[in-house]
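Peer 1: Just so you know, the protein sequences line up as chains A and B, in that order.
Add 427 to a position in the first sequence, counting from 1, and you land on the number used in the numbering used here.
Add 427 to a position in the second sequence, counting from 1, and you land on the number used in the numbering used here.
Note that CB positions come from ideal geometry on N, CA and C, so glycine has one too.
Number of protein chains: 2
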Amino acid sequence: MPQSAHANVRIFIGTEPVSVVPPDDRALAYGDGLFETMRAHRGTVPWWDRHWARLQRGAQRLRLALPSQAQVRDEAARLLAGTDGVLKLFVSRGCGGRGYALPADPVPTWLLSLHPVPRPVSGLTLRWCDTRLAIQPVLAGIKHGNRLEQVLARAEWDDGVAADEGLMRSTVGDVVCATAANLFLLQDGQWRTPPVDRCGVAGVCRQWMLDTFDVEPVRLSVADVETADAVVLTNAVRGILPVARLLDTAPGERAWQPHPQVVEWQRRLAADHPAFTAPADGAHIMEVP
Amino acid sequence: MPQSAHANVRIFIGTEPVSVVPPDDRALAYGDGLFETMRAHRGTVPWWDRHWARLQRGAQRLRLALPSQAQVRDEAARLLAGTDGVLKLFVSRGCGGRGYALPADPVPTWLLSLHPVPRPVSGLTLRWCDTRLAIQPVLAGIKHGNRLEQVLARAEWDDGVAADEGLMRSTVGDVVCATAANLFLLQDGQWRTPPVDRCGVAGVCRQWMLDTFDVEPVRLSVADVETADAVVLTNAVRGILPVARLLDTAPGERAWQPHPQVVEWQRRLAADHPAFTAPADGAHIMEVP
């Protein structure tokens, strides 16, 4: 099999392994693709079915052909080789000429890459991003390759300076998510999360939360977040991340103590997905984004 | 110099020619780049300065480093080798790890590719697209690599079936542009074009029109288009394109005769940019998108 110069990357066009991404690939030209970022545990991806289902929804929305799931899964297992890690799958529509029109019979280009598990930290600090998410129902929910909004939002602060993640609002003001995680908050005894019908990504861990716990999808305001009784972020790589601080609120800064229900959720998550270690008694374990 | 497998493509990282696009390029992952599509004439790009100026505005907005203009222009001349054609320049932020955070010192990846000049046709037929453009001032006007809206809009109809181009509205209903061209219309003796401050691209030919003629930038409705006295599309590859028909209007279809002022504009364009041939007396010459 041809090997990429990048040891932890495998590239395919249709069913064929190749050594390079073609320069006329439409993901390069237009961001015309979809991706999944998955937590792997001892060589397998416990939430594979959830990731593949979201990929299929995205492919249907973009009218994009997917490679064979069986082949992708086999190649993923080969790349993982029994280890832990973060597995990224990118599927591009494939090659095309100049111009937006779809190629007649595009063959998907797809890439698998393996990345280290992010290091754990205790207590997330959030900030507000100025960059807003545009209202675009056609692209909302799916994990497509047009990510300049997230890139610009994440560029608003430097690594290691004050904040671990940034919260994003839509252009009409409601709070939607963090740059790379979904948002949950506790309000009057009810957990809530923003819908992702106008912008934002339908996170795989978010969906697991909705399937598993009593969480209400409802639009949330800045005030809802700043007055919440508890706040957590979720994503499929890092699991459930309790938030300890929110900067730049009206009184300067908001702080939260670890909430017992979140610790319980983390235990439940660990039972469902073995990569997410259950917290020790009385402790809350988090991973940095 | 390493040659790409694609004869009409040159790839560079910073100042260095390379043979492939790295698989961890951020344009591939996030559409994190900018492009220009330029009409070349006898080996030169008459509107080079206008294209480079827009690229610089985009680079400032995205905080993206550009390659040396002198080198890009030299390599473009080498690729063109004295011919006519369409020259595409794509500039990616460069390589990066997994995650939206900007790499510490990214070196731009850039591609030059040469494409045939589109064939001329007489009389553009337009349709309305269902896919809307999201309101996103941060990305409006610049020619960035997040183009799924245009891809989905262009996928609404098949090549050669009925329409040459499709008009796009924003998510709040105003008419903004075609999938790959700007829109101008004549209304009560005044030419008007939609602003591109909330969505849409600040086309290089659009800007030439604004600099050269009396055109008012103002938001336009579907009714404004359907009742206009004349309609044209513009872009930097095809110049000024008179519109002959608009499908799917309230009375079924709207047709326009060639407008004498548009013929006069085409003559003026030909004087400024020699690739755009002036129409013969009494004729209007157009190029298909």
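1. Would you mind stating whether L612(B) and V652(B) have Cβ atoms separated by less than 8 Å?
2. How big is the Cα-Cα spacing for W555(A) and D656(A)?
3. Across the stretch 462-472 of chain B and the stretch 511-531 of chain B, are there enough close Cβ pairs to call them in contact, namely three or more that are closer than 8 Å?
4. Which residues of chain B have a Cβ atom closer than 7 Å to the Cβ of A590(A), listed in chain order?
5. Of the choices G460(A), H542(A), R500(A), E443(A), whose alpha-carbon is the least far from that of V436(A)?
6. Please name the residues in the stretch 448-469 of chain B whose beta-carbon is closer than 9 Å to at least one beta-carbon of chain A, in chain order.
7. Can you tell me where the beta strand (DSSP E) holding C604(B) begins and where it ends?
8. List the DSSP bridge partners of K515(A).
9. Quick one, which of P533(A), S549(A), F517(A), L529(A) has its alpha-carbon nearest W683(A)'s?
10. Ignoring anything shorter than 4 residues, give me the alpha helix (DSSP H) runs that lie fully in the stretch 468-538 of chain B, in order along the chain.
11. Rounded to a whole number of angstroms, what is the C-alpha to C-alpha distance between D452(A) and L482(A)?
12. Apart from the five residues on each side of it in sequence, which residues of its chain come closer than 7 Å, Cβ to Cβ, to A710(B)?
13. Quick check on DSSP: helix, strand or coil for R694(A)?
14. Can you pull the chain B residues whose beta carbon is under 8 Å from the beta carbon of V544(A), in chain order?
15. I'd like to know whether the C-beta of N573(B) is nearer than 8 Å to at least one C-beta of chain A.
16. With a threshold of 6 Å on Cβ separation, who are the neighbours of A561(B) within its own chain once the five nearest residues in sequence on each side are excluded?
17. If T552(B) sits next to L674(B), beta carbons under 8 Å apart, how far is it from one beta carbon to the other, in whole angstroms?
18. Which residues in the same chain as P622(A) place their Cβ atom closer than 8 Å to its Cβ, once the five residues preceding and following it in sequence are excluded?
19. From the beta carbon of M713(B), is the nearest beta carbon of chain A less than 8 Å away?
20. Could you have a look at P449(B) and say whether DSSP puts it in helix, strand or coil?
21. Identify which residue in P450(B), A702(B), D591(B), T606(B) has its Cα closest to the Cα of G523(B).
22. Are L507(A) and E463(A) closer than 8 Å when you measure CB to CB?
23. Under a three-way DSSP split, which group does D638(B) fall into?
24. Rounding to the nearest angstrom, what Cα-Cα distance links W692(A) and V664(B) in this structure?
25. Which two residues bound the contiguous beta strand (DSSP E) that contains A745(A)?
26. On the criterion of 16 or more Cβ atoms from any shown chain inside 10 Å, does A434(B) qualify as buried, or is it exposed?
27. Which residue from L566(A), A528(A), T676(A) puts its Cα closest to that of G485(A)?
28. By the DSSP assignment, the alpha helix (DSSP H) with A410(B) in it spans what residues?
29. Just the C-alpha distance for V659(A) and W584(A), rounded to the nearest angstrom, thanks.
30. Quick check: the Cα distance between Q634(B) and H571(A), rounded to an integer number of angstroms?
31. Return the residue from the list Q688(B), A607(B), F703(B), L539(B) that minimises the CA-CA distance to G627(B).
32. With 16 other CB atoms within 10 Å as the buried threshold, where does T661(B) fall?
33. Give the secondary structure of R581(A) by DSSP, where H, G and I count as helix, E and B as strand, and everything else as coil.
34. Out of A456(B), R520(B), G600(B), which has the shortest C-alpha to C-alpha gap to D557(B)?
35. Considering only their Cβ atoms, is the gap separating V518(A) from G460(A) smaller than 8 Å?
36. Taking 8 Å as the threshold (C-beta atoms), are G458(B) and G458(A) in contact?
Peer 2: Well, looking at it:
1. Translated into positions along the second sequence, residue 612(B) becomes position 185. Translated into positions along the second sequence, residue 652(B) becomes position 225. For L612(B) and V652(B), yes; Cβs fall inside 8 Å.
2. Residue numbering aside, residue 555(A) sits at position 128 when the first sequence is read from its first letter. Residue numbering aside, residue 656(A) sits at position 229 when the first sequence is read from its first letter. Roughly 18 Å between the two C-alpha positions.
3. Taking a contact to require three or more Cβ pairs closer than 8 Å, the stretch 462-472 of chain B and the stretch 511-531 of chain B qualify as touching.
4. Locating residue 590(A) in the first sequence gives position 163, counting from the first residue. Chain-order list of chain B residues neighbouring A590(A): empty, with the shortest C-beta distance near 12 Å, by a criterion of under 7 Å.
5. Indexing the first sequence from 1 puts residue 436(A) at position 9. Closest in alpha carbon position to V436(A), among G460(A), H542(A), R500(A), E443(A), is H542(A).
6. Within the stretch 448-469 of chain B, contact with chain A at the beta-carbon level (separation under 9 Å) is assigned to V448, P449, P450, D451, D452, R453, A454, L455, A456, Y457, G458, D459, G460, F462, T464.
7. As a working note, residue 604(B) is residue 177 in the second sequence. Residues 602-605.
8. Taking the first sequence and counting its residues from 1, one reaches residue 515(A) at position 88. DSSP lists T464(A), S540(A) as the beta-bridge partner residues of K515(A).
9. In the first sequence, counting from the first residue as 1, residue 683(A) sits at position 256. With distances taken between Cα atoms, W683(A) lies closest to S549(A).
10. Qualifying alpha helix (DSSP H) stretches, in chain order: 475-489, 496-507.
11. Taking the first sequence and counting its residues from 1, the one referred to as residue 452(A) is at position 25. Taking the first sequence and counting its residues from 1, the one referred to as residue 482(A) is at position 55. Distance between the alpha carbons of D452(A) and L482(A) is about 19 Å.
12. The count along the second sequence starts at 1 and reaches residue 710(B) at position 283. Confidence is the limiting factor: at A710(B) the pLDDT is only 45, short of 50, which leaves the residue's position unreliable, though a coordinate-based value still follows. Nothing meets the Cβ criterion.
13. On the first sequence, position 267 is the one that residue 694(A) refers to. Looking at R694(A) - three-state DSSP - the assignment turns out to be helix.
14. Locating residue 544(A) in the first sequence gives position 117, counting from the first residue. For the C-beta of V544(A), not a single chain B residue is nearer than 8 Å; the gap to the nearest is close to 11 Å.
15. As a first step, residue 573(B) must be located in the second sequence, where it is residue number 146. Closer than 8 Å: yes.
16. In the second sequence, the residue the question calls residue 561(B) occupies position 134. Within the same chain, A561(B) has close Cβ partners T598.
17. Within the second sequence, the letter at position 125 stands for residue 552(B). Within the second sequence, the letter at position 247 stands for residue 674(B). In this structure, T552(B) and L674(B) form a Cβ contact; the two beta carbons are roughly 7 Å apart against a cut-off of 8 Å.
18. The count along the first sequence starts at 1 and reaches residue 622(A) at position 195. So the list reads P644, V645, R646, once near-sequence residues are dropped.
19. As a working note, residue 713(B) is residue 286 in the second sequence. Any answer about M713(B) is weak, because its pLDDT of 45 lies below 50 and its placement is not dependable; what the coordinates show is given next. With 8 Å as the cut-off, M713(B) does not count as an interface residue toward chain A.
20. Position 22 of the second sequence, counted from the start, is the residue given in the question as residue 449(B). Here DSSP, grouped into helix, strand and coil, assigns P449(B) to coil.
21. Position 96 of the second sequence, counted from the first residue, corresponds to residue 523(B). Here the closest residue by C-alpha is P450(B).
22. Numbered from its first residue, the first sequence carries residue 507(A) at position 80. Numbered from its first residue, the first sequence carries residue 463(A) at position 36. For L507(A) and E463(A), no; Cβs fall outside 8 Å.
23. To locate residue 638(B), count along the second sequence from 1; it is residue 211. Note: D638(B) maps to helix in three-state DSSP.
24. The residue given as residue 692(A) occupies position 265 in the first sequence. The residue given as residue 664(B) occupies position 237 in the second sequence. Going from the Cα of W692(A) to the Cα of V664(B) covers about 56 Å.
25. The structure shown does not extend to residue 745(A), since chain A is modelled only from 428 to 716, so the question has no answer here.
26. Stepping through the second sequence from its first residue, residue 434(B) is reached at position 7. Exposed, since its Cβ has fewer than 16 Cβ neighbours within 10 Å.
27. Your numbering for residue 485(A) matches position 58 in the first sequence. That would be L566(A), whose Cα lies nearest to the Cα of G485(A).
28. Nothing about residue 410(B) can be reported from this structure: the residues present for chain B run from 428 to 716 only.
29. Taking the first residue of the first sequence as position 1, residue 659(A) is located at position 232. Taking the first residue of the first sequence as position 1, residue 584(A) is located at position 157. So the alpha carbons of these two residues sit roughly 20 Å apart.
30. Taking the first residue of the second sequence as position 1, residue 634(B) is located at position 207. Taking the first residue of the first sequence as position 1, residue 571(A) is located at position 144. Between Q634(B) and H571(A), the C-alpha separation is close to 31 Å.
31. Along the second sequence, one-based indexing puts residue 627(B) at 200. Closest by alpha carbon: A607(B).
32. Position 234 of the second sequence, counting from 1, holds the residue named residue 661(B). Around the beta carbon of T661(B), 16 or more other beta carbons lie within 10 angstroms, which makes this residue buried.
33. Start at 1 with the first residue of the first sequence, and residue 581(A) comes out as number 154. The three-state reading of DSSP puts R581(A) in helix, counting H, G and I together.
34. Indexing the second sequence from 1 puts residue 557(B) at position 130. That would be G600(B), whose Cα lies nearest to the Cα of D557(B).
35. In the first sequence, the residue the question calls residue 460(A) occupies position 33. In the first sequence, the residue the question calls residue 518(A) occupies position 91. V518(A) is positioned such that its CB atom lies closer than 8 Å to that of G460(A).
36. Taking the first sequence and counting its residues from 1, the one referred to as residue 458(A) is at position 31. Taking the second sequence and counting its residues from 1, the one referred to as residue 458(B) is at position 31. With respect to G458(B), G458(A) sits close: the two C-beta atoms are nearer than 8 Å.
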